Amino acid sequence: MLIFTLRRIAYTIPIMLGVSLVCFALVHISPGDPLVSILPPDASVDLQQQLMAIYGFDRSYPEQFIRWLSRALQGDLGNSIATGRPVTSEVMNAVGNTLILAVTATIIGFTFGGLFGFVAGFFRDSWIDKLASTLAVVGVSVPHYWLGMVLVIVFSVELGWFPATGAGPGGSSQWSWDWDHLRHLVLPAVTMSVIPMGIVARTVRALVADILQQEFVTGLRAKGLLDRGVLAHVIKNAAPTALAVMGLQLGYLLGGSILIETVFSWPGTGFLLGQAIFQRDLPLLQGTILVLAMFFVILNLVVDVVQSALDPRLQRG
Amino acid sequence: MTAPLVEVSDLTVTFAGTPPVHAVNGVSFTLGQGEVLGILGESGSGKSVTLKTLLRLLPARRTQIGGSVRVSGQDVLALEGRALADHRGGVVSMIFQDPGLALDPVYTIGHQIAETVMRHEGLGRRDAMARALDMLDLVRIPSAKRRLSNYPHEMSGGMRQRAMIALALACKPKLLLADEPTTALDATVQIQILLLLRDLQREMGMGVIFVTHDIGVAVEVSDKLAVMYAGRFVETGTVADIIRDARHPYSQGLLAANLVGAEPGTLLQAIPGAPPALHAPPVGCAFAPRCALARPACAADPVALWQSREDRWARCLAAAEADTADATADPSP
Numbered sequence: 001m002l003i004f005t006l007r008r009i010a011y012t013i014p015i016m017l018g019v020s021l022v023c024f025a026l027v028h029i030s031p032g033d034p035l036v037s038i039l040p041p042d043a044s045v046d047l048q049q050q051l052m053a054i055y056g057f058d059r060s061y062p063e064q065f066i067r068w069l070s071r072a073l074q075g076d077l078g079n080s081i082a083t084g085r086p087v088t089s090e091v092m093n094a095v096g097n098t099l100i101l102a103v104t105a106t107i108i109g110f111t112f113g114g115l116f117g118f119v120a121g122f123f124r125d126s127w128i129d130k131l132a133s134t135l136a137v138v139g140v141s142v143p144h145y146w147l148g149m150v151l152v153i154v155f156s157v158e159l160g161w162f163p164a165t166g167a168g169p170g171g172s173s174q175w176s177w178d179w180d181h182l183r184h185l186v187l188p189a190v191t192m193s194v195i196p197m198g199i200v201a202r203t204v205r206a207l208v209a210d211i212l213q214q215e216f217v218t219g220l221r222a223k224g225l226l227d228r229g230v231l232a233h234v235i236k237n238a239a240p241t242a243l244a245v246m247g248l249q250l251g252y253l254l255g256g257s258i259l260i261e262t263v264f265s266w267p268g269t270g271f272l273l274g275q276a277i278f279q280r281d282l283p284l285l286q287g288t289i290l291v292l293a294m295f296f297v298i299l300n301l302v303v304d305v306v307q308s309a310l311d312p313r314l315q316r317g
Numbered sequence: 318m319t320a321p322l323v324e325v326s327d328l329t330v331t332f333a334g335t336p337p338v339h340a341v342n343g344v345s346f347t348l349g350q351g352e353v354l355g356i357l358g359e360s361g362s363g364k365s366v367t368l369k370t371l372l373r374l375l376p377a378r379r380t381q382i383g384g385s386v387r388v389s390g391q392d393v394l395a396l397e398g399r400a401l402a403d404h405r406g407g408v409v410s411m412i413f414q415d416p417g418l419a420l421d422p423v424y425t426i427g428h429q430i431a432e433t434v435m436r437h438e439g440l441g442r443r444d445a446m447a448r449a450l451d452m453l454d455l456v457r458i459p460s461a462k463r464r465l466s467n468y469p470h471e472m473s474g475g476m477r478q479r480a481m482i483a484l485a486l487a488c489k490p491k492l493l494l495a496d497e498p499t500t501a502l503d504a505t506v507q508i509q510i511l512l513l514l515r516d517l518q519r520e521m522g523m524g525v526i527f528v529t530h531d532i533g534v535a536v537e538v539s540d541k542l543a544v545m546y547a548g549r550f551v552e553t554g555t556v557a558d559i560i561r562d563a564r565h566p567y568s569q570g571l572l573a574a575n576l577v578g579a580e581p582g583t584l585l586q587a588i589p590g591a592p593p594a595l596h597a598p599p600v601g602c603a604f605a606p607r608c609a610l611a612r613p614a615c616a617a618d619p620v621a622l623w624q625s626r627e628d629r630w631a632r633c634l635a636a637a638e639a640d641t642a643d644a645t646a647d648p649s650p
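Going down the list, the sequences are from chains A and B. Going by our numbering, the letters in the first sequence line up with residues 1 to 317, in that order. Going by our numbering, the letters in the second sequence line up with residues 318 to 650, in that order.
So this is what it looks like as C-alpha cells:
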C-alpha cells in the first residue's frame with residue numbers, strides 16, 4: 001500500500017509538468033494581444049517594445065515557459081496585467097471562495113445523489129426507483145444558469161429569504177463563517193449541487209443494480225446475512241467507482257462554474273477566469289488554469305489512493 | 318426410525334415471464350442424515366434450481382414454488398425474514414460453482430468466514446476469527462494464518478474453493494449443497510477438492526446434495542444418484558445401480574457419452590438432439606423426442622414407472638415393459 005502510494009505520487013510529477021506545458025501553450029497560442037488592455041490605442045512602437053520587455057513577451061516561447069515555470073515553483077505566478085496585483089494572491093483568494101462553494105455543493109450533491117442512487121438501485125423498478133431516476137435525469141439536463149435564475153426569482157425576489165448575489169454583505173469577497181455569509185452561500189450551492197447530484201445518483205444506481213446481480217450477493221444471502229449485512233458489502237463494493245466519479249465531479253466544480261459564479265456574482269475562480277479571458281490578462285489566465293489543473297491532479301491522486309485502499313485488486317499493475 | 322434430513326415432495330418451480338419457464342416439474346426425494354445424493358443432469362435440467370430452492374435463493378418476485386420442502390422437520394417454503402436467514406448458513410449452506418464469483422472481492426477471506434460465524438453464533442470478532450482460522454486448517458489450506466488476511470484474488474482457484482468450503486462449513490450445517498463445485502477448477506485440483514469434501518462429509522456427518530453434469534464426479538462422492546432431465550428426476554438408485562444397470566435411456570446415454578473406457582479414435586456416443594425449452598410443463602416423457610426407444614404411448618401422462626426398491630426406480634415406459642417381459646420370460650431372479 002505504501003509503495004503503491006509513493007509510486008502513484010511519483011507519477012504525478014510528469015503529469016504536472018505536462019499540464020503546465022499545455023496550460024502555457026494554450027494561452028499563448030490563442031489569438032489576441034495581451035497588452036491591448038493597458039496600452040493606449042495611440043501608443044508608440046517604442047512604448048510597446050518596452051512593455052513587451054517588462055512582461056517578458058519579447059523572449060522566445062521556451063524561454064518564457066522556463067522562466068514562468070521556475071517562478072511558479074517558488075509560488076510566484078507573476079502580476080496581473082490589468083490590475084498589476086500579484087496573480088498568486090488573486091487566484092488563492094478566488095480558489096478559497098470557489099472551494100467553499102464547491103465543497104458545499106459537493107456535500108449536498110453527493111449526499112442526496114448517493115442516497116437516491118442507492119435506494120433506486122436497491123429497489124430497482126419500484127416507484128422509488130422511477131422517481132429517483134426521473135429526478136436524476138432532470139438534474140443532469142436542466143441548464144444550471146437557468147435553474148439559478150429561477151431560484152433567485154423564487155427565493156430572493158418573491159420570498160426574500162436569501163440574497164441574490166455576492167459572497168457576503170456589501171459585496172465583500174472575503175469569506176467568513178457567519179450567518180450573513182452563509183445566507184449568500186445557499187442559492188449558488190444548491191444550484192451547483194444539482195448536476196453532481198444527478199450524475200452521482202445515476203452512477204450509484206447502476207453500480208448497485210449491477211452489484212446486486214453478481215453471484216457473491218447470492219453467496220452472502222446463502223450464508224444467512226440479513227439485509228443490513230448485505231448492504232454493507234454492496235456499499236464497499238460500490239465505493240471505489242462511486243468515489244472516482246465523485247472525485248471527477250468535485251474537480252469540475254473546483255474549476256468553478258463560470259455560469260453559476262456569473263449569475264450569482266460569486267468571486268471565485270470561474271468569475272476570475274471569465275475576467276482574465278475578456279481582458280486578455282495572460283499571467284492571470286495562465287496562473288488560474290495552472291492552479292486549477294494542479295487541484296485536479298492532486299484530487300485524482302487522492303481518489304486513486306483511497307480507491308485502492310477500498311479495493312485491493314486495484315493495487316496490482 | 319428418525320425423520321429424514323431432507324424431504325422434498327412434488328416440488329415445482331416456475332419462473333414468471335413471457336413465456337414462463339417451468340424449471341422444475343415435480344421432484345420428490347428424501348435424504349437421510351449423513352447421506353450424499355448426487356444429482357446428475359445437463360445444463361438447464363433444473364438441478365441448480367432444485368438446490369437453490371432448498372435455501373430459497375431464487376428471486377422471490379418472479380419465482381413460483383409449489384410442493385413442499387422440509388429440512389430437519391422445518392418447512393423451508395414457509396420461512397421468512399430472520400428465520401430464513403437463520404436457516405441459510407446455519408442449517409443448510411452452499412458452495413458455488415465458481416468461488417471467484419461467489420466470494421466478495423473486497424473483503425478478506427478471514428472476514429467473510431468470521432462474519433458468518435458472528436451472524437449465526439453471536440461470537441465476538443476475535444473468537445470468530447479464531448474459528449475462521451480453524452476452518453482454514455480443516456480444509457487444509459497451507460499457512461492458514463496468513464491466508465486469513467488474503468483477498469480472494471490473491472488465491473488460486475483451488476485455494477478459493479477450499480476457502481469457500483471452509484466458509485460453508487463454519488457453522489456446522491446439517492446439510493451442505495454443492496453446486497458443481499469442481500467445474501471451474503483444473504482436473505488435478507478437482508480430485509483434491511472432491512476427496513476433501515468426501516472426508517469432511519464423513520468427519521462431520523452432514524448430508525450433502527451434490528449437483529454435477531460430470532458422471533465421474535458424481536460417482537466419486539455420492540451414495541445415491543438421481544438423474545435429472547427437463548425438471549424431473551428420471552431415474553434414481555445407488556451409485557452401483559446406475560453405473561451397472563441404468564434403466565432409463567437418458568441415463569444410458571449419459572454413461573455412453575463418458576470418456577472413460579472409450580476406445581481412442583472412435584467417436585463418443587452423443588445423445589442426439591437438445592433438451593426441450595420448458596415453456597410449458599412437459600407432458601409424458603420429456604426425453605421421448607430424443608429417445609431411440611420412443612413410441613406413441615410415451616407421450617401419455619403419467620409415464621409408466623419401473624421400480625425395484627423404494628429408492629430404485631426409473632420413469633420409462635420401455636424399462637417398465639422390458640422388465641415385465643423379462644419377468645414372464647425368465648422367472649428366476
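Positions of the beta carbon are idealized from the N, C-alpha and C atoms, including for glycine. Just so you know, these numbers come straight off a predicted model, no measurement behind them.
Sequence-distant Cβ neighbours of A/D76 in its own chain, meaning closer than 7 Å and more than five residues away, are T88. Under DSSP, no beta-bridge partner is assigned to A/K236.
Assignment of B/I382 by DSSP, reduced to helix, strand and coil, places it in the strand class. Under the rule that a run must span 4 or more residues, the alpha helix (DSSP H) segments found entirely inside the segment 362 to 448 of chain B read 364 to 372, 398 to 407, 416 to 419, 426 to 438. Look at A/N93 here: in three-state DSSP terms it is helix. A contact between stretches requires three or more CB pairs, one per stretch, nearer than 8 Å, and the segment 264 to 281 of chain A meets this requirement with the segment 70 to 85 of chain A.
As DSSP reads the structure, B/T555 sits in a beta bridge with B/K541. Look at the beta carbons and you see the segment 345 to 352 of chain B not touching the segment 604 to 611 of chain B: under three pairs across the two are nearer than 8 Å.
A/S265 is a Cβ neighbour of A/T165, given a cutoff of 8 Å.
At a C-beta separation below 9 Å, B/H437 has these neighbours in chain A: K223, G224.
For B/R629, the enclosing beta strand (DSSP E) stretches over residues 629 to 631. B/R549 sits away from B/A617, with the two beta carbons spaced by 8 Å or more. In terms of Cβ geometry, A/G224 and B/H437 form a close pair [threshold 8 Å].
Closest option to A/D311, judged by alpha-carbon separation, among B/D421, B/A574, B/A400, B/M481: B/D421. Assigned with DSSP and collapsed to three states, B/I458 falls in coil, not helix or strand. A straight line joining the alpha-carbon of B/L348 with that of B/H404 spans about 17 Å. B/Y567 has its alpha-carbon roughly 47 Å from the corresponding atom of A/A120.
Counted as a single uninterrupted DSSP element, the beta strand (DSSP E) harbouring B/I356 occupies residues 353 to 357. Looking only at B/A563, B/R477, B/V525, the smallest Cα-Cα distance to B/D503 is reached by B/R477. Residues P592 of the same chain have their beta carbon placed closer than 7 Å to that of B/G361, with the five preceding and five following residues left out of the count. Under the three-pair Cβ rule at 8 Å, the segment 188 to 199 of chain A counts as touching the segment 96 to 103 of chain A. For A/V217, the enclosing alpha helix (DSSP H) stretches over residues 215 to 222. Leaving aside the five residues that flank B/W623 on each side, the residues in its chain whose CB is nearer than 7 Å to its CB run, in chain order, R564, W630, A631, C633, A636, A637, D640. Under DSSP, B/L493 shares a beta bridge with B/S410, B/V525. In the DSSP assignment, A/F295 falls within the alpha helix (DSSP H) that extends over 282 to 310.
Proximity of B/P498 to chain A, defined by a Cβ-Cβ separation below 8 Å, is not satisfied. If you check the CB distance, B/Q414 and B/A535 do not come in under 8 Å. Annotated as distal: B/L513 and B/T499, with beta-carbon spacing of 8 Å or more.
A/F116 is the residue among A/F116, A/W177, A/Y145 whose C-alpha sits nearest the C-alpha of A/L135. Across the structure, B/V544 and A/A244 are spaced so that their CA atoms are roughly 50 Å apart. According to DSSP, residue pairing for A/F122 in a beta bridge does not occur. Per DSSP, the beta-bridge partners of B/T347 are B/E324.
Secondary structure of B/Q624 (DSSP, three-state): strand. Along the segment 261 to 292 of chain A, none of the residues has a CB nearer than 7 Å to a CB of chain B. Within the segment 195 to 221 of chain A, the residues whose Cβ lies closer than 9 Å to any Cβ of chain B are, in chain order, Q214, E215, F216, V217, T218, G219, L220, R221. Counting C-beta atoms within 10 angstroms of its own C-beta, A/T269 has 16 or more neighbours from the protein chains shown and is therefore classed as buried.
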